[in-house]
Amino acid sequence: MQGFKIGKVDMTLFTKDVNGDLFICQIYVDDIIFGCTNEKLSHEFGDMMSREFEMSMIGELNFFLGFQIKQVKGGIFIHQEKYCRDLLKKFKMGDCKPISTPMSTNEHLDADVDGKPVDQSTYRSMIGSLLYLTASRPDIMFSVCLCARFQAAPKESHLTAVKRILRYLKHTPSIGLWYPEGAKLELLGYSDSDFAGYRVDRKSTSGGCHLLGRSLVSWSKAKRVALSTAEAEYIAAGACCAQILYMKQSLLDFGVVCGSVPLLCDNESAAKIAKNPVQHSRTKHIDIRHHFLRDHEAKGDITITGVRSEEQLADIFTKPLGEETFCRLRSELNVLDWSNFI
């Protein structure tokens, strides 16, 4: 494509500088989205593509890859409200009693070997549908992934937990990701982990999230083996660092250069392991692949920064939280109800 630069990380991304205006085109199989800081150039590109190829121009982006996009004054919302409501109808939960959190703090799911079995096909269908929704609903990420661990032999206790998630969706169908205009493009990472919190195999649950301009752009959770809280937090920080490096490279294709990215961790011992290359009896067994965190801290690619536990945004991905804490962290991640902005 003449005059366009192909993304080095994403080969389906094309960018072009037109007399100081930035034009961006992203291709997903046979779907194309594009935009420019100059509206006239966007229309000209659309007309040119329509002349060259048989295609339909839908206009302003409002639905793409299963996401609903709401462009309002002050920013953009990405949500899946229609899918959420259809999901409730599909599993006959349209008239269920709403609840304010997806999982109780007293919930400690295990294999429940003596529990009453439920239909495996239905349970798996519910989990699959909910996992699809986590693409725009990080607030249900932990609870859905926890319930997903019991798909091989689901019991009534597991189904009850899944139905609670659906009751929470009934309470919050319009929640989505909010990206306000004018936000500084500063990258920030949070990592957190519990220690041996999963009762079945005693693995630790780690979570991480990444914000650009104070809005959520990436999140994850995983189970990992660790022998101490510090080790669990250190491994989680390493995974968060890997994602930061990927995002820094991706942002270069958009002309955004990030310096040393803060990686916020609430465990002082894990931060010291990352900053001090000396091996200790409690850390010498840690797999070398996790120690690349030290290298990138030393190079200045990231900066391990302490954060108070109550300000640890990744906490929402590692355990069930009480209503007040859950709603506060959800809001701080800019996961909001888009209907309030209309």
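When we follow UniProt numbering, the leftmost residue of the sequence shown carries the number 1, and every step to the right adds one. Note that the Cβ used here is the ideal one computed from N, Cα and C, for glycine as well.
Asked                                                                                                                : Found
Residues sharing a beta bridge with threonine 15, DSSP                                                               : Lys5 and Ile24
Phenylalanine 53 (DSSP reduced to helix, strand or coil)                                                             : coil
Residues near isoleucine 6 by beta carbon distance below 8 Å, same chain, minus five either side                     : Leu13 and Phe14
Which residues DSSP lists as bridging residue 344, in chain order                                                    : This structure cannot settle anything about residue 344, because the visible part of the chain is limited to 1 through 342.
Residue from Lys170, Phe23, Phe91 and Asp139 whose Cα sits closest to the Cα of glycine 208                          : Asp139
Where isoleucine 316 falls, given that 16 or more other Cβ within 10 Å makes a residue buried                        : buried
Length of the line joining the Cα atoms of arginine 328 and phenylalanine 45                                         : 43 Å
Three or more C-beta pairs below 8 Å linking the region 290-305 and the region 241-260                               : yes
Closest by C-alpha distance to isoleucine 302, when choosing among Ala196, Leu188, Lys163 and Asp201                 : Leu188
Methionine 1 classed as buried or exposed, judged by whether at least 16 other C-beta atoms fall within 10 angstroms : Unreliable positioning characterises methionine 1 in this predicted model, as indicated by a pLDDT of 49, which lies under 50. A coordinate reading is not provided.
C-alpha gap between serine 204 and alanine 236, whole angstroms                                                      : 10 Å
As assigned by DSSP and simplified to three states, the class of threonine 37                                        : coil
Three-state secondary structure assigned by DSSP to tyrosine 179                                                     : strand
Three-state class that DSSP yields for alanine 222 in the structure shown                                            : strand
Anticipated Cβ contact below 8 Å, valine 335 with isoleucine 127, distance rounded                                   : Their Cβ separation, rounded to whole angstroms, is 21 Å, which puts valine 335 and isoleucine 127 out of contact at 8 Å.
Glutamate 60 to phenylalanine 142 span [Cα, whole Å]                                                                 : 33 Å
Given 8 Å, three or more beta-carbon pairs between the region 148-162 and the region 34-51                           : no
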